[in-house]
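A.B. asks:
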Ligand code: NI
């Protein structure tokens, strides 16, 4: 019995190690290891054919029982304290990043804006949301200036370090401060998924980095029909 448990544990460790290894070698340029790992795990659970929710074009499948999203308390770019209840009944496209991000965050926020443009009238039912993982520098004022560059309805959310940590945990977002050599400024390493959140505050679909605006638009339009 004990031997069986040991073998099972060993098999699990080997499996996760293998996935980690594949994630390491198979990650896309600019993709963090955490993203690549999450992507592999999502792919693996898809392959094993566990009870999967209805497919959504362009999104990474969430395995049944994996629940992302949930309650948060944050401060919007006008300085107002908001919770998930302020967004109840609306679909959200959520992205976590930081305003000092040199390339990935601006690209993905541009993608969200382009996806909303591609959706036409349906976009009125979707609120785009940018949540910072760098609350130290991303004050409400900094967020207000930043979000206005991407979309007139983009909501910027910041908060205390604890509030951000709680929101990031709910969405399984990885982030860490990194200090490049020869630089006095720090950067934030962070996972880079776009989340489609349903009117109940739960994540319905997530889009990996560099998903096209058209794919996000069509997946979001399809989900809106189901809401
Ligand atoms: Ni970034």
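In the numbering used here, the protein residues as written are 391 to 617. All residues carry an ideal CB built from backbone N, CA and C; glycine is no exception.
#1: Suppose the cutoff is 8 Å on Cβ atoms and the five residues either side in sequence are ignored; what does the same chain contact list for residue 458 look like?
#2: Taking the C-alpha atoms as reference points, what is the distance between residue 512 and residue 469?
#3: Suppose you measure from the CA of residue 557 to the CA of residue 571; what does that come to, to the nearest Å?
#4: Kindly indicate the opening and closing residues of the beta strand (DSSP E) around residue 573.
#5: What whole-angstrom Cβ distance do residue 576 and residue 523 have, given they're in contact under 8 Å?
#6: In the DSSP assignment, the beta strand (DSSP E) including residue 487 goes from what residue to what residue?
#7: Use the C-beta contact count for residue 466: other C-beta atoms within 10 angstroms, 16 or more gives buried, fewer gives exposed.
#8: Going by beta carbon distance, what residues of the same chain come within less than 6 Å of residue 536, once the five residues before and after it are set aside?
#9: Pull up the distance between the alpha-carbon of residue 519 and that of residue 480, whole angstroms please.
#10: Just verifying my parser: in three-state terms, what is the DSSP assignment at residue 566?
#11: Here's the rule: buried if 16 or more other CB atoms are within 10 angstroms of the residue's CB, otherwise exposed. What is residue 510?
#12: Tell me which same chain residues have a C-beta within less than 8 Å of the C-beta of residue 527, skipping the five on either side of it?
#13: Going along the chain, which residues of its own chain have a beta-carbon closer than 8 Å to the beta-carbon of residue 483, five neighbours each way excluded?
#14: Taking buried to mean at least 16 other C-beta atoms within 10 Å of its own C-beta, is residue 599 buried or exposed?
C.D. replies: With the given structure in hand:
#1: 452, 560, 561, 562, 585, 592, 593 and 596
#2: 28 Å
#3: 30 Å
#4: Segment: none, residue 573 is in no beta strand (DSSP E) and carries neither H nor E.
#5: Residue 576 to residue 523, Cβ: 12 Å. No contact.
#6: 481-487
#7: buried
#8: 489
#9: 12 Å
#10: strand
#11: exposed
#12: 488, 489 and 490
#13: 502, 505, 506, 516, 517, 518, 519, 584, 585, 586, 587, 606 and 610
#14: buried
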